[in-house]
Amino acid sequence: MTVSASVGQHERKGTPMDVTSSLLPAERQGQVLALVQERGSATVHELSRELGASISTVRRDLDLLAQQGLIARTHGGAIAKTHTASETRFDERQRENADEKRRIGQHALTLLEPNQSVYFDSSTTVMAAAEALRAEPIPLTAITHDIAIAAVLATLPQVHVMLPGGEIRAGSFTLVGATTHTFLRHLHVDVALIGIHAIRDGQLSEGSLPVAELKSALLGTTNRRVLLADHSKFGQTALIDVAPLGAVQDLITGQETPRQVLDHLELTQNLRVHTV
706 MTVSASVGQH
716 ERKGTPMDVT
726 SSLLPAERQG
736 QVLALVQERG
746 SATVHELSRE
756 LGASISTVRR
766 DLDLLAQQGL
776 IARTHGGAIA
786 KTHTASETRF
796 DERQRENADE
806 KRRIGQHALT
816 LLEPNQSVYF
826 DSSTTVMAAA
836 EALRAEPIPL
846 TAITHDIAIA
856 AVLATLPQVH
866 VMLPGGEIRA
876 GSFTLVGATT
886 HTFLRHLHVD
896 VALIGIHAIR
906 DGQLSEGSLP
916 VAELKSALLG
926 TTNRRVLLAD
936 HSKFGQTALI
946 DVAPLGAVQD
956 LITGQETPRQ
966 VLDHLELTQN
976 LRVHTV
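Residue numbers (the working numbering): 706 to 981.
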């Protein structure tokens, strides 16, 4: 990609040329968000230096991320939010659409067979499936990178629980980082119960780069991928694309999801839709 020589006239002397120009804006913004979240705060100059992006590009990215509620803008940089409007705290999300999530979680168990290995993604809807196991004595090997879900599963004598290492992501019970990724890369399970932040135009997306990367890795580790999503997830978009909706074989959602939306998915996507 050719960079006009005039660009340098608009930047201060010593500012790096924008070597991230080959990235899609969402990819670059995901890198900016990940650095701010990892450190808790970052300056424009730090981000410009580490990403090789121009000062003006970093400023625009920070302004956009702040508008989306993902960070808080400061003079000369940004600070991370422990939770945001787009990524509310686990306990708050658990209360949202609770009855629908309970029905979805209960139905998910009907797709499981005794003695299978089952991955429980970090999600309040997947948490509902874990809680439903209290009334369904199905013997399973359960794997999860969500500490709260692991705590529920650990109380069930019929369930053997595996938990990877990693770092606890701020404002959540989710393990992330290189150790978690290494664990996932060496894993192969029968079924994965997967949650998602947003579904639109046949695309699954998340608001956090570390979470999106984990979900993408998880999709490649399992024979059967089951997406658990309440009606509020449809028609929404988030910052980072995870995978096409066709990457899952089953979708479980509530009857609150508009019928025309589900009819369209059944026509255009190669997946089974379960409405509860």
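Beta carbons: idealized from backbone N, C-alpha and C, even for Gly.
On a predicted model such as this, the values are computed, not experimentally measured, just so you know.
Whose CA, out of Pro915, Leu932, Thr879 and Leu923, lies closest to the CA of Ile904? The residue labelled residue 904 in the question sits at position 199 within the sequence shown. Ranking Pro915, Leu932, Thr879 and Leu923 by Cα distance to Ile904 puts Leu932 first.
Simplified DSSP state of His865, which is helix, strand or coil: The count along the sequence shown starts at 1 and reaches residue 865 at position 160. The answer is strand: DSSP assigns His865 an E or B state.
Using a Cβ-Cβ cut-off of 6 angstroms (strictly less than) and excluding sequence neighbours within five positions of Val831, which residues of its own chain qualify? On the sequence shown, position 126 is the one that residue 831 refers to. Answer for Val831: Phe825, Leu898, Gly900 and Leu933, listed in chain order.
What is the rounded straight-line gap between the Cα of Leu880 and the Cα of Val864? Residue numbering aside, residue 880 sits at position 175 when the sequence shown is read from its first letter. Residue numbering aside, residue 864 sits at position 159 when the sequence shown is read from its first letter. Distance between the alpha carbons of Leu880 and Val864: 20 angstroms.
Sequence-distant residues of the same chain with beta carbon closer than 8 angstroms to Asp946, five excluded per side: In the sequence shown, the residue the question calls residue 946 occupies position 241. Only Ala731, Gln908, Leu909, Ser910 and Ala917 meet the Cβ criterion.
Report the three-state DSSP secondary structure of Thr789 (helix, strand or coil). Numbered from 1 along the sequence shown, position 84 holds the residue referred to as residue 789. In this prediction, Thr789 scores a pLDDT of 41, lower than 50, which makes its location untrustworthy; no coordinate-derived value is stated.
Range of the contiguous beta strand (DSSP E) that encloses Gln974: Counted from its first residue, the sequence shown places residue 974 at position 269. That residue, Gln974, is in no beta strand (DSSP E); it is neither H nor E in DSSP.
Between the C-alpha atoms of Val981 and Gly781, what's the straight-line distance to the nearest angstrom? Residue 981 sits at position 276 when you count from the first residue of the sequence shown. Residue 781 sits at position 76 when you count from the first residue of the sequence shown. Cα-Cα distance, rounded: 49 angstroms.
Kindly confirm or deny that the stretch 756-772 and the stretch 847-866 touch, where touching means at least three C-beta pairs closer than 8 angstroms. no
What first and last residue would you give for the beta strand (DSSP E) that runs through Arg905? The residue you call residue 905 lines up with position 200 of the sequence shown. Looking at the DSSP string, the run of the beta strand (DSSP E) that includes Arg905 is Ala903 to Arg905.
Going by C-alpha to C-alpha distance, which of Leu868, Ile848 and Pro869 sits closest to Asp895? Here residue 895 is taken as the residue at index 190 of the sequence shown, counted from 1. Nearest of Leu868, Ile848 and Pro869 to Asp895, Cα basis: Ile848.
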